[in-house]
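Trainee: For the record, the sequence lines run as chains A and B. So in the numbering used here, the last one in the first sequence is 110, and the numbering has no gaps at all. So in the numbering used here, the last one in the second sequence is 114, and the numbering has no gaps at all.
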Amino acid sequence: AQSVTQPDIHITVSEGASLELRCNYSYGATPYLFWYVQSPGQGLQLLLKYFSGDTLVQGIKGFEAEFKRSQSSFNLRKPSVHWSDAAEYFCAVGAYDMRFGAGTRLTVKP
Amino acid sequence: KAGVTQTPRYLIKTRGQQVTLSCSPISGHRSVSWYQQTPGQGLQFLFEYFSETQRNKGNFPGRFSGRQFSNSRSEMNVSTLELGDSALYLCASSGTSGNTGELFFGEGSRLTVL
Numbered sequence: 001a002q003s004v005t006q007p008d009i010h011i012t013v014s015e016g017a018s019l020e021l022r023c024n025y026s027y028g029a030t031p032y033l034f035w036y037v038q039s040p041g042q043g044l045q046l047l048l049k050y051f052s053g054d055t056l057v058q059g060i061k062g063f064e065a066e067f068k069r070s071q072s073s074f075n076l077r078k079p080s081v082h083w084s085d086a087a088e089y090f091c092a093v094g095a096y097d098m099r100f101g102a103g104t105r106l107t108v109k110p
Numbered sequence: 001k002a003g004v005t006q007t008p009r010y011l012i013k014t015r016g017q018q019v020t021l022s023c024s025p026i027s028g029h030r031s032v033s034w035y036q037q038t039p040g041q042g043l044q045f046l047f048e049y050f051s052e053t054q055r056n057k058g059n060f061p062g063r064f065s066g067r068q069f070s071n072s073r074s075e076m077n078v079s080t081l082e083l084g085d086s087a088l089y090l091c092a093s094s095g096t097s098g099n100t101g102e103l104f105f106g107e108g109s110r111l112t113v114l
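Here it is as structure tokens:
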């Protein structure tokens with residue numbers, strides 16, 4: 001069965017610092033992987049997705065993620081965090097029945 | 001292009017009642033999925049509809065049901081409400097019929113059960 005693990009419930013970084021959010025997945029075949037962001041009171045917005053091809057994926061708002069099959073990981077990165085990046089981030093795997101991780105809440109310190 | 005619209009945005013019910021939530025997908029999208037989001041359980045998949053047919057269903061009791069109309073609008077219903085049904089219910093639409101469709105989410109319907 002497909003599943004997603006986000007090991008970090010809460011991360012705090014200083015504005016301007018780099019960010020890496022971890023995601024590990026379990027999937028029986030080639031995974032379709034996604035990162036979504038949710039601001040308070042809002043729905044989820046897609047940051048980026050991986051289906052096949054280049055394992056380094058670029059997304060919106062300066063985010064990127066790298067698919068590593070050997071580690072079953074799809075970590076999200078950003079070189080310099082902005083205060084507006086404070087939100088909840090969800091990794092997801094699948095298609096018709098997309099499965100989400102528990103989420104990582106990002107706090108940005110001034 | 002209008003996004004995914006969910007109504008109502010907020011509602012309060014009491015235990016034992018039933019509730020119907022509505023979702024209008026992005027124009028042209030034929031797939032609609034429903035998710036329940038709670039602080040304890042996170043985002044859990046309820047079901048997905050494509051062209052009025054339920055293609056996939058999550059692990060929820062039969063009190064949770066849904067349907068999709070010919071115009072792709074979808075409704076979900078929860079009968080005999082329990083306190084644990086309090087949650088944000090998110091609807092998402094997708095434009096593809098294949099396995100690679102990204103989901104476009106609405107802002108959700110927040111249900112409180114008293």
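Built from N, CA and C at the ideal position, the CB exists for glycine as well.
#1: If you compare alpha carbons, which of B/Q17, B/A2 and B/K57 is closest to B/L83?
#2: Along chain B, which residues have their Cβ under 8 Å away from the Cβ of A/D8?
#3: For A/P79, which residues in the same chain have their Cβ closer than 6 Å to its Cβ, ignoring the five residues on either side in sequence?
#4: I'd like to confirm something about A/I60: is its beta-carbon nearer than 6 Å to some heavy atom of the ligand MN, or not?
#5: Using 7 Å as the limit for Cβ to Cβ distance, is B/G42 near chain A?
#6: I'd like to know if B/N56 contacts chain A, where contact means its C-beta is closer than 7 Å to some C-beta of that chain.
#7: Which whole runs of the beta strand (DSSP E) in the stretch 42–74 of chain B are 3 residues long or more, in chain order?
#8: Determine, using beta-carbon pairs with one atom in the stretch 46–62 of chain A and one in the stretch 18–29 of chain B, whether at least three such pairs fall under 8 Å.
#9: My output table needs one value for A/I11: the three-state DSSP class, helix, strand or coil.
#10: So, at 8 Å on beta carbons, what are the nonlocal neighbours of A/I11 in its own chain, with the 5 sequence-adjacent residues on each side left out?
#11: Check each residue of the stretch 26–60 of chain A: if its Cβ is closer than 7 Å to any Cβ of chain B, include it; give the result in chain order.
#12: For B/E52, decide whether its Cβ has a neighbour in chain A, counting only Cβ atoms nearer than 7 Å.
#13: Using the beta-carbon of each residue, which ones in chain E are nearer than 8 Å to A/R22?
Mentor: Taking the geometry as given:
#1: Here residue 83 of chain B refers to the residue found at position 83 of the second sequence. Minimum Cα distance to B/L83 is reached at B/Q17.
#2: What you label residue 8 of chain A is simply residue 8 of the first sequence in a count that begins at 1. The contacting residues do not exist; A/D8 stays about 14 Å from chain B at best.
#3: In the first sequence, the residue the question calls residue 79 of chain A occupies position 79. Here the set comprises S18.
#4: Looking at this structure, you won't find the ligand MN or any other ligand, since it has none at all.
#5: Along the second sequence, one-based indexing puts residue 42 of chain B at 42. Using beta-carbon distances, B/G42 counts as an interface residue toward chain A, with a partner under 7 Å.
#6: On the second sequence, position 56 is the one that residue 56 of chain B refers to. True, the Cβ-Cβ gap to chain A drops below 7 Å.
#7: The qualifying runs are 42–50, 53–57 and 64–68.
#8: Short answer: they don't touch.
#9: Position 11 of the first sequence holds residue 11 of chain A. In the three-state reduction of the DSSP assignment, A/I11 falls in the strand class, which pools E and B.
#10: On the first sequence, residue 11 of chain A is found 11 positions in, with the first residue counted as 1. So the list reads L19, L21, T104, R105, L106 and T107, once near-sequence residues are dropped.
#11: Result list: Y32, F34, Q42, G43, L44, L46, K49 and F51.
#12: In the second sequence, residue 52 of chain B corresponds to position 52, counting from 1. So, not an interface residue.
#13: Among the chains of the structure shown, chain E does not appear; the protein chains present are A and B.
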